[in-house]
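**Student:** Supplied in structure tokens, the structure appears directly below.
Protein chains: 2
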Amino acid sequence: CRLDLSQTDRYYESVYNPCEISRVYISNQCVSSATPTEEMNGAGNLMDFLDEPFPDVSTYEDFHTIDWLREKSRDTDRHRKITSKSKESIWELIKSLLDAWSGWVVMLLIGLLSGTLAGVIDLAVDWMTDLKEGVCLSAFWYSHEQCCWTSNETTFDDRDKCPQWQKWAELMTGHAEGAGAYVLNYFLYILWALLFSFLAVSLVRVFAPYACGSGIPEIKTILSGFIIRGYLGKWTLLIKTVTLVLAVSSGLSLGKEGPLVHVACCCGNLFCSLFSKYSKNEGKRRETLWRSFFAALVAAFTLRSINPFGNSRLVLFYVEYHTPWYMAELVPFILLGVFGGLWGTLFIRANIAWCRRRKTTQLGKYPVLEVIAVTGITAVLAYPNPYTRRSTSELISELFNDCGALESSQLCDYINNPNMSRPVDDIPDRPAGPGVYNALWQLALALIFKIVITIFTFGMKIPSGLFIPSMAVGAIAGRIVGIAVEQMAYHHHDWIIFKNWCRPGADCVTPGLYAMVGAAACLGGVTRMTVSLVVIMFELTGGLEYIVPLMAAAVTSKWVADAFGKEGIYESHIQLNGYPYLDVRDEFTHRTLATDVMRPRRNDPPLAVLTQDTTTVEDVETLIKDTDYNGFPVVVSRESERLIGFVQRRDLTLAIKNARQKQDGVVSSSVVYFTEDAPQLPASNPQPLKLRRILNLSPFTVTDHTPMETVVDIFRKLGLRQCLVTRSGRLLGIITKKDVLRHMAQMMNQDPESIMFN
Amino acid sequence: CRLDLSQTDRYYESVYNPCEISRVYISNQCVSSATPTEEMNGAGNLMDFLDEPFPDVSTYEDFHTIDWLREKSRDTDRHRKITSKSKESIWELIKSLLDAWSGWVVMLLIGLLSGTLAGVIDLAVDWMTDLKEGVCLSAFWYSHEQCCWTSNETTFDDRDKCPQWQKWAELMTGHAEGAGAYVLNYFLYILWALLFSFLAVSLVRVFAPYACGSGIPEIKTILSGFIIRGYLGKWTLLIKTVTLVLAVSSGLSLGKEGPLVHVACCCGNLFCSLFSKYSKNEGKRRETLWRSFFAALVAAFTLRSINPFGNSRLVLFYVEYHTPWYMAELVPFILLGVFGGLWGTLFIRANIAWCRRRKTTQLGKYPVLEVIAVTGITAVLAYPNPYTRRSTSELISELFNDCGALESSQLCDYINNPNMSRPVDDIPDRPAGPGVYNALWQLALALIFKIVITIFTFGMKIPSGLFIPSMAVGAIAGRIVGIAVEQMAYHHHDWIIFKNWCRPGADCVTPGLYAMVGAAACLGGVTRMTVSLVVIMFELTGGLEYIVPLMAAAVTSKWVADAFGKEGIYESHIQLNGYPYLDVRDEFTHRTLATDVMRPRRNDPPLAVLTQDTTTVEDVETLIKDTDYNGFPVVVSRESERLIGFVQRRDLTLAIKNARQKQDGVVSSSVVYFTEDAPQLPASNPQPLKLRRILNLSPFTVTDHTPMETVVDIFRKLGLRQCLVTRSGRLLGIITKKDVLRHMAQMMNQDPESIMFN
């Protein structure tokens, strides 16, 4: 799921909105060191231009990087205007208050809409997932659970067997049991799955190509200040919501959490466009998007906005364990951490390799076919195994759950000792029954299946999240380990390792906790979140007692995974697609200097610059025609090469067009000047054109001896687009964000051309 | 509790360690654009200096700001050296591994030591607090609780009455009851309190003045990159630990959480000094300190490292409520939020005003007297009221607790309806008994008392934390509101507001929850943490169900408080003491330009600069003698004023001293040059002195037109000490962090001279 960035090969970009600068002049007569007279004619000269602002000034082109400093100062400016105005009239005051509150309003709206969507998606997925197996006679739009909820079988294990709910075979042939019925159900299950996934992939293909994948890598890039038009658009929102439902219910090994985050960000973008405060300022917009990104990331796990069964829990998988954990258990927990790390590494390596192959070979040309094939294989292999047939989140919550007395599931088929009178809350460890051993086998198969299929699923041209599948892998592994430890502890109380903490007849080991820890470890291995992950796991399960086991596992898995490669799955995909993303985490430790990175290189043509008062309109126009740079430095003179400012291509074009129309006497041969006062010219010359107002007088500069380490830091922390390189006041060259990324790639022995070209 | 920063009136500070630069040269022959020959003689010339590095290079003076970029690049450099070395031998490899792990080791050690200290302090405080009332006959070092723990009275309400524990009066006179005994106990209580606080304040005065206050404002400043020698020293650690115990047990209205954070940071500093990786690099040291700061901030609330009664809860006040909360209850919750905000504002304003008075008037001259007086007043007023007599954290946990069936406390004196057979878990709302009404009065008095006395207590010359007192205020108010709502709901089921959620005989209202919410609100109002605060409250109470009430209250209180003033108590104290702290949160929105802030001002003497190849040793020495600047810009020539670099005062001094001793032929009249090659001089001249190696070739520059907003951003994000101001390559002036802070103060209409002068 990648973008074509080939059109971004421009490397001069401007820093300030020219209108800002001139306003600075006017607004600062009080404090500015410039003398009032300067101010006056400075202001006077450009009044005629100020009252007709450039139409598309301050907008960025697609696939370009925004300039954070500039956006920030523009917002400050706007804010200043509003506050000063608000004193004039009640109406203005109200408007300013509204403006101040718009942030909260936007967040509220985002919360409501994305929450609702999440809820709707939940319900739709439940229904369609069950639709693959059967239908509710009382009301076909009921899911299996809803359908039987109304029935009068109340005991727990009969709840999912009720007359209203009929499997397809039963409905069509009348026979609920038997090989024939089984085969028919199997067949229809596969058919539904193929139908759903086909619809999903075709919708994405036709209407919104950006709707595929989890979207998190792209959103991270966008948040870091990159423009991808339409990626958060209305169409993407609509299509992603629909196709997400289809994809999840088709039974593919993918989760809906990641895409939900994308959906939430689309909502954010939608509501941003309602308020000029955000729609007109890419920086502010991203602030808001970031909030909704984060909120959604947590919400995806915690809040179940629509909850038909009204259990008041805020958490997705609520667990309540009755036993504490013991120091000795840290060993298996840490082993699970190691497993998580290894799984993370394996998954990332394999998935990236597969995605690269998809991009480079014929495979990429037949996305629909690919999806169909994978869905088919998944359905065929998944149906026979009860643990892969059901939806993954159901599986996880069963694995997390402790075996109460009333549990009917296979996993809880323990041999109760007779003299235990009534089911009490904390049941002592018991020997496992045949059901448990049977379940262990099925879980082992499910584990292998999930591991393999997920690698091929993530990255197909449909909405696909990663959290739930990797959690499933971890939960399965964890549960298996948990049961193993539990049985060992039961059968070998006398072993040294158990003696001092597990007396006979006590409830020592909670397999569900192991599943939880395993899930955390695997999620950590894939995404490389540790602390935030553990917090999420709290939210997820409400288990505040288990911070130490979770932490231990999460940290271990991060260490193990980092040992094989620093990048998480999202960073890897960002790199694979060559997005211009400057990761805060990866340190640049090489000792190169700015002079090694700046353009022009030794054999390049010299830097394209303007002089402050000797260039003619014609020269400028040819320069614009011949080059495709986004901006040009302005120097005192070609001899001295002393930098005075930076001018943006678009502004230059507009200003000259403007002048040619409005100002008579401006011809090709008339001189363009950026100084305060017009240069002394012979009377014969045509009227010169003053362009100081579009000159950015504070371009960012570093000396050629600045270590690249520092330069990278500056780009990262100040969010620059480019900065100029000087030596003792002389302009030598320019470094853009892209040059920096290229250089970093080069230093990491990657192909520098991969950046933004794929 | 402030520092004398008067000696910091120097405003030129250097950016790079010169040795770095030269190493850059040598290590980059491969990539550097400089020609090999340059490299060689560049390297050659300075070899003789490199093998004898300057003794105290890269160290900062006291009360100076560190340069983050520089520290970072120094660490990178060190890291690079180690990794390259590690390939040489096994021993080096092991050393590099140790180095890589030292971070974890340090954190582990810090955790252990500060955890132990926290535990010891806990126990000591319990003991000494009870010592004010009586003594344990079986073992005088037992606290009241421990003393009676061993006794055989097991029923809950007899637990604190046991023969081994005797109040002083009983011990001395034999009479436990009666007015005489009461007066005697009262008297001794006051006496002990005075003794403790006197010891505390005198110890602080004599041994470690830095041990006073909560320490958080200073630590925030230190973490932001400021040097305060000894503030995290061994003595401070020792004295603060001891005096903290004394101060808390003296019964003053102060908490130990803030000071514990200071103690933890002292531990951090202590262990940092064991590893050169941290001791030699102020940046890395601060990273570590920041971790322990954060860890301690959470740990102060959560982990009870030594827990004599072995309840396995990780949290300080564990609460378990059996009822959910209802939408309608959000109204009182939000009202509590408003109260919290108002309390926060009132407290900050009053406390700051009082501290300013202390600083400016005679009052400040008699800290001991002040402490004694406040202690006396506190003790006299606190003893009669049971809710102020006991330790504040006990009070809070009682207020948080839900009234179980076995509760004996006054607050749970409800009238049980007879037909309730046995005490069940969730008790329906009941009418309040006389005890409750009595308690309400006492709580109201306690509330007023706490509010007033805390204002005068915080900021005295003893260790004093703020979290517990402000939580107490909130908890009291919350509990009062809670009981009020509960009784209303019980007596007026029919009212509209209760009808739809509170049936008769149901358990609708949980007063303890109100106390919790109130505590969060007040803490939020004072410290202005919201999210982090809510997280802490989870940790504090383990109540994950109550995120919405807590959030509502915390956010409301922040809004209300912010409406009266953006700064929390810590920021206010930082400002009061004029620490050089650049707060990330406060936006600089004024439209001033760099040229308005830079030195020299219009009427100042010109900038003190060196020229690259015309200054003589004598000139330099006079310049150093006449000025006290920390560094000097180097320009091509006084005419062109083109900036080529920046040289640090100390390095200059050392280099010349060095040269005069080692290099013969270097005399006062010999020329100092910073260029690659020696200038052409008549043969008669003495041998010139090359100083390029101490020249920082990449000083940070901005143009004079750069908006201050941007400059502030740069200082904040890059952690600069100063940056040079140029116009078209000409050096105009310099801006230091202090200038920036001064300017910001000025713009906020505060006295700019307050910065670092108090």
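Residue numbers (this note's numbering), protein chains in the order written: chain Z, 33 to 790; chain E, 33 to 790. In this text, a Cβ means the ideal position worked out from N, Cα and C, and glycines have one as well.
For a test of your reading of the model: does the CB of S702/E fall under 7 Å from any non-hydrogen atom of the ligand PLP? Yes or no.
**Tutor:** With respect to small molecules bound, the structure shown includes none, and the ligand PLP cannot be examined in it.
**Student:** Just how far apart, CA to CA, sit G550/E and L427/E?
**Tutor:** Their Cα atoms are separated by approximately 14 Å.
**Student:** Using the C-alpha atoms, what's the distance from S423/Z back to E289/E?
**Tutor:** About 47 Å.
**Student:** I'd like the list of long-range same chain contacts for L555/E, defined as Cβ closer than 7 Å, with 5 residues on each side in sequence excluded.
**Tutor:** Answer for L555/E: F499, S502, M503, G506 and L565, listed in chain order.
**Student:** Closest by CA to D99/E, which one among N313/E, Q196/E, T268/E and V157/E?
**Tutor:** Ranking the options by Cα distance to D99/E, first place goes to N313/E.
**Student:** Quick one: grab the DSSP three-state call for L763/E.
**Tutor:** If DSSP states are grouped into helix, strand and coil, L763/E belongs with the strands.
**Student:** With which residues is Y705/Z paired in a DSSP beta bridge?
**Tutor:** Note: Y705/Z sits in a beta bridge opposite K722/Z.
**Student:** Entirely within the region 649 to 699 of chain E and at least 4 residues each: give me those alpha helix (DSSP H) ranges in chain order.
**Tutor:** Qualifying alpha helix (DSSP H) stretches, in chain order: 649 to 658 and 681 to 694.
**Student:** Please go through the same chain and pick out, in chain order, the residues whose beta-carbon is closer than 7 Å to the beta-carbon of R42/Z, but skip the five residues on each side of it.
**Tutor:** In this prediction, R42/Z has a pLDDT of 32, which is less than 50 and means its spatial position is unreliable; nothing more can be read from the coordinates.
**Student:** DSSP three-state call for Y398/E: helix, strand or coil?
**Tutor:** It is coil, neither helix nor strand.
**Student:** Just how far apart, CA to CA, sit A232/Z and L302/Z?
**Tutor:** Rounded to the nearest angstrom, the two C-alpha atoms are 23 Å apart.
**Student:** Output, in chain order, the set of chain Z residues within a Cβ distance shorter than 7 Å of E741/E.
**Tutor:** Simply S105 and T108.
**Student:** Compare the C-beta of S589/E with all C-beta atoms of chain Z and state if any pair is closer than 8 Å.
**Tutor:** Taking Cβ atoms only, chain Z never reaches closer than 8 Å to S589/E, which makes this a no.
**Student:** Counting only Cβ-Cβ distances shorter than 7 Å, please list the residues of the region 672 to 690 of chain Z near chain E, keeping chain order.
**Tutor:** So the close ones are R674, L675 and I676.
**Student:** Which runs of the alpha helix (DSSP H) at least 4 residues long sit entirely within the region 511 to 541 of chain Z? Give them in chain order.
**Tutor:** The region 511 to 541 of chain Z contains these whole alpha helix (DSSP H) runs: 528 to 531.
**Student:** For Y358/Z, which of helix, strand or coil comes out of DSSP?
**Tutor:** Note: Y358/Z maps to coil in three-state DSSP.
**Student:** Helix, strand or coil: which one does DSSP assign to Q607/Z?
**Tutor:** Q607/Z: helix per DSSP, three-state reduction.
**Student:** For G300/E versus T268/E, is the C-beta distance shorter than 8 Å?
**Tutor:** No. Outside cutoff.
**Student:** Taking CB distances under 8 Å as the criterion, tell me whether R774/E reaches chain Z.
**Tutor:** Chain Z contact via Cβ: absent.
**Student:** Determine the chain E residues that contact T733/Z at a beta-carbon separation under 7 Å, and present them in chain order.
**Tutor:** In chain order: T733.
**Student:** For the alpha helix (DSSP H) that contains K266/E, what are its first and last residues?
**Tutor:** Start and end: K266 to S281.
**Student:** Which stretch, first to last residue, makes up the alpha helix (DSSP H) that contains Q198/E?
**Tutor:** Here Q198/E belongs to no alpha helix (DSSP H); instead the beta strand (DSSP E) covers W197 to K199.
**Student:** Going by beta carbon distance, what residues of the same chain come within less than 8 Å of K531/Z, once the five residues before and after it are set aside?
**Tutor:** Answer for K531/Z: H525, listed in chain order.
**Student:** Determine the burial state of I126/Z: buried for a count of at least 16 other Cβ atoms within 10 Å of its Cβ, exposed for fewer.
**Tutor:** Result: exposed.
**Student:** 8 Å is my cut-off, CB to CB: does E650/E come that close to chain Z?
**Tutor:** Answer no: the Cβ-Cβ gap between E650/E and chain Z never drops below 8 Å.
**Student:** Ignore the nearest five residues each way along the sequence and tell me which others in Y174/Z's own chain have a CB closer than 6 Å to its CB.
**Tutor:** Closer than 6 Å at the Cβ level, and outside the excluded window around Y174/Z, lie C168.
**Student:** Judging by CA-CA distance, which residue of A150/E, E177/E, R381/E and F325/E is the nearest neighbour of V274/E?
**Tutor:** Ranking A150/E, E177/E, R381/E and F325/E by Cα distance to V274/E puts A150/E first.
**Student:** At the level of alpha carbons, what is the spacing between T205/Z and V277/Z?
**Tutor:** Each residue's alpha carbon lies about 30 Å from the other.
**Student:** Reducing DSSP to helix, strand and coil, say where C755/Z ends up.
**Tutor:** Looking at C755/Z - three-state DSSP - the assignment turns out to be strand.
**Student:** 8 Å is my cut-off, CB to CB: does L752/Z come that close to chain E?
**Tutor:** Cβ-Cβ to chain E under 8 Å: no for L752/Z.
**Student:** What does the alpha-carbon distance come out to for the pair M740/Z and Y705/Z?
**Tutor:** Each residue's alpha carbon lies about 34 Å from the other.
**Student:** Determine whether the beta carbon atoms of S701/Z and P720/Z lie at a separation below 8 Å.
**Tutor:** Their beta carbons are not under 8 Å apart, which means S701/Z does not touch P720/Z by this criterion.
**Student:** Can you have a look at L82/Z and say buried or exposed, based on whether 16 or more other CB atoms are within 10 angstroms of its CB?
**Tutor:** Confidence at L82/Z is low in this model, with a pLDDT of 37, below 50, so its placement is unreliable and no value can be given for it.
**Student:** Answer yes or no: does any C-beta atom of chain Z fall closer than 8 Å to that of I746/E?
**Tutor:** Output row for I746/E: interface = yes.
**Student:** Count the other C-beta atoms from every protein chain shown that fall within 10 angstroms of the C-beta of D80/Z, then say buried if there are 16 or more, exposed otherwise.
**Tutor:** Residue placement at D80/Z is poorly supported in this model, since its pLDDT is 39, which falls under 50; the coordinates still yield a value, given next. Classification of D80/Z: exposed, given that the 10 Å Cβ count is below 16.
**Student:** Measure the CB-CB distance between C179/Z and W200/Z and report whether it falls below 8 Å.
**Tutor:** Result no, Cβ atoms of C179/Z and W200/Z do not sit closer than 8 Å.
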